Amino acid sequence: MITFNKVTKLYQKEIVGVRDVSLTIDPGEFVSIVGQSGSGKTTMAKLIIAEERPTAGQMIIGDWDITDIAHRDIPFLRRQIGVVFQDFKLLPRKTVFENVAFALEVSGTTNEQIRIIVPQVLKIVGLETKADRFPHQLSGGEQQRVVIARSLVHRPKILVADEPTGNLDSINAQEIIDLLKRINSFGTTVVLVTHNREIVNTLRKRVITLDHGQVIADQKSGKYIL
250 MITFNKVTKL
260 YQKEIVGVRD
270 VSLTIDPGEF
280 VSIVGQSGSG
290 KTTMAKLIIA
300 EERPTAGQMI
310 IGDWDITDIA
320 HRDIPFLRRQ
330 IGVVFQDFKL
340 LPRKTVFENV
350 AFALEVSGTT
360 NEQIRIIVPQ
370 VLKIVGLETK
380 ADRFPHQLSG
390 GEQQRVVIAR
400 SLVHRPKILV
410 ADEPTGNLDS
420 INAQEIIDLL
430 KRINSFGTTV
440 VLVTHNREIV
450 NTLRKRVITL
460 DHGQVIADQK
470 SGKYIL
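Counting with the working numbering, you get residues 250 to 475 for the letters of the sequence shown.
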């Protein structure tokens, strides 16, 4: 599903994002990518969604070699990959329903389809009764659930979550992780980028540990070792 083949990403002045990373994430896996600040976690997430491109090596998503993906093809890739970041980036003057619907509108989905899809994804994240609320009327955990709902509208095969609990307290953070586990149980591949040791250690899922841009551990059912 996701393959890094000797991938290196260098930024200006020879700053290393990741170096010589080779690994495969299989369909339906739940994988945590961990490491200290600057270890390359977010770079890996950005490479998967083609926000960054490798300096060397090969990136494959499914059967698609995205190493040199054309700019015009990136929207098609993103429809296969749901993305959740720490920053909610919700539109403050749109309701929950409208925020989720907006992701469909920009891809040309009809109003009839939007009226079907949005309630479905809101039900998955437990916000079906709050469709008419605005972001400021929601808790932080609820706002992140809206972001997750928005990421699910195209029924992605992969969900990349980069520090999705970073702005949340421990109770809301655990609820978001439980939701990601539920989404994973539907067959969606989940890639969780996090520095939260407690969450990683309770998941008992695969853990890839980075240090200075390199993979130093890849545990099938592991813990945060740093």
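Note that beta-carbon positions come from the ideal geometry of N, C-alpha and C, so glycine has one too.
Everything numeric in this text was worked out from a predicted model, so none of it was measured.
- Rounded to the nearest whole angstrom, the C-alpha separation of valine 256 and valine 464 is 11 angstroms.
- Considering only Asp314, Ala319 and Lys379, the residue with the shortest C-alpha distance to glutamate 347 is Lys379.
- Counting the other CB atoms within 10 Å of its CB gives proline 324 a total below 16, which places it among the exposed residues.
- The criterion of a C-beta distance shorter than 8 angstroms is satisfied by glycine 415 and glutamine 335.
- Between the C-alpha atoms of alanine 350 and valine 367 there is a straight-line separation of about 6 angstroms.
- Counting only the Cα atoms, lysine 262 lies some 43 angstroms from valine 370.
- In this structure, phenylalanine 253 lies away from valine 439, with their beta-carbon atoms at least 8 angstroms apart.
- The segment 433 to 449 makes contact with the segment 271 to 287: 3 or more CB pairs, one atom from each, lie closer than 8 angstroms.
- Look at the segment 320 to 404 and you find these whole runs of alpha helix (DSSP H), each 4 residues long or longer: 323 to 327, 345 to 354, 360 to 373 and 389 to 401.
- If you draw a straight line from the Cα of alanine 319 to the Cα of phenylalanine 383, it is about 36 angstroms long.
- With a cut-off of 8 angstroms on Cβ pairs, the segment 443 to 456 is in contact with the segment 422 to 433, counting three or more such pairs.
- Secondary structure at lysine 258: strand, using DSSP grouped into helix, strand and coil.
- Between arginine 394 and leucine 408, the CB-CB gap reaches or exceeds 8 angstroms.
- With a contact defined as Cβ atoms closer than 8 angstroms, glycine 462 and valine 283 miss out at about 14 angstroms.
- Leucine 387 is positioned such that its CB atom lies no closer than 8 angstroms to that of alanine 410.
- Excluding sequence positions up to five before and after aspartate 317, its CB lies within less than 8 angstroms of the CB of Arg302, all in the same chain and listed in chain order.
- Excluding sequence positions up to five before and after serine 470, its CB lies within less than 6 angstroms of the CB of Arg453, all in the same chain and listed in chain order.
- With 16 or more neighbouring CB atoms inside 10 Å of its own CB, glutamate 391 falls in the buried class.
- With contacts defined as CB atoms closer than 8 angstroms, valine 396 and alanine 352 fail to qualify as a contacting pair.
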